[in-house]
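In this note's numbering, the protein residues as written are 8 to 278.
The structure is reproduced here in structure tokens:
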């Protein structure tokens with residue numbers, strides 16, 4: 008179904024959707040998002056990135072009125088340069104450790120475990136140091152006792168023998184929903200989040216705060232972690248290179264992130 012009216016709220020994923028392969032957001036994308044903000048449309052950047060990357064997200068989407076981060080676990084009002092924290096959801100470390108144990112018993116081997124525990128700017132991750140972490144972020148070496156000694160924002164899991172998508176299926180078969188929410192963002196890791204925390208729940212919190220109905224929302228995304236907001240929002244647009252399940256859940260498909268697919272769609276919508 009093709010959308011023909013201007014929405015009240017637009018929410019876009021960042022990596023793989025708005026952000027290009029060279030880790031930049033084009034001037035074209037910045038222009039169209041600023042035009043929509045000036046026209047009164049509420050802009051929400053919604054990402055799996057944790058709160059330690061708040062400043063990076065603000066640079067990527069300076070027009071955003073709200074940032075939903077850590078798969079919905081953190082929400083910021085960007086009306087001020089300091090960004091006001093509106094919502095924070097943490098997971099007790101022993102609950103995250105229980106998730107790891109449940110999955111390891113099913114796959115019968117140890118997992119690579121990395122956790123995000125510190126929300127401060129550019130804070131390091133902690134866990135198993137690996138050479139192929141996809142971003143230039145320091146990882147402090149730590150065992151499970153150190154990783155899960157306190158509260159956890161989000162935990163990343165990887166198996167040496169099965170793919171992230173297979174591991175996700177295993178995890179969802181053995182981890183109860185009241186213990187954790189599991190997802191995958193296209194970077195080769197299963198992500199363990201607090202129960203009930205996903206992009207759909209984060210977007211709903213913003214919409215409820217503003218009194219905006221789901222039918223007045225358009226969302227953009229590419230990976231499995233975008234599915235909860237695709238299933239909830241009134242209109243969903245996938246980029247061409249999106250996961251097949253995401254494209255199947257979308258109302259429309261636009262160009263890739265490197266083709267400025269979000270900007271191209273919004274330009275047509277804006278008219």
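In this text, a Cβ means the ideal position worked out from N, Cα and C, and glycines have one as well.
Keep in mind it's a predicted model, so treat the numbers as computed, not measured.
Exposed unless 16 or more other CB atoms sit within 10 angstroms - verdict on residue i
i, result
"residue 193", "buried"
"residue 228", "buried"
"residue 277", "exposed"
"residue 77", "buried"
"residue 168", "exposed"
"residue 222", "exposed"
"residue 45", "exposed"
"residue 157", "exposed"
"residue 115", "exposed"
Three-state class that DSSP yields for residue i in the structure shown
i, result
"residue 85", "coil"
"residue 94", "strand"
"residue 256", "helix"
"residue 27", "coil"
"residue 157", "coil"
"residue 110", "helix"
"residue 205", "coil"
"residue 99", "strand"
"residue 36", "helix"
"residue 57", "coil"
"residue 129", "coil"
"residue 180", "helix"
Nearest neighbour of residue i, chosen from the options [CA to CA]
i, options, result
"residue 15", "24, 199 and 43", "43"
"residue 163", "140, 82 and 38", "140"
"residue 68", "109, 19 and 59", "19"
"residue 124", "252, 60 and 38", "60"
For residue i: DSSP bridge partner residues
i, result
"residue 148", "134"
"residue 67", "Paired residue(s): none; residue 67 is not in a bridge."
"residue 227", "19 and 244"
"residue 52", "19 and 74"
"residue 163", "121 and 198"
"residue 188", "200"
"residue 261", "246"
Rounded straight-line distance, which links the Cα of residue j to that of residue i
i, j, result
"residue 212", "residue 225", "15 Å"
"residue 101", "residue 185", "14 Å"
"residue 146", "residue 129", "11 Å"
"residue 117", "residue 166", "8 Å"
"residue 189", "residue 247", "24 Å"
"residue 241", "residue 205", "17 Å"
"residue 218", "residue 90", "21 Å"
"residue 48", "residue 13", "8 Å"
"residue 110", "residue 96", "23 Å"
"residue 270", "residue 113", "43 Å"
"residue 82", "residue 143", "24 Å"
"residue 181", "residue 172", "15 Å"
"residue 108", "residue 201", "16 Å"
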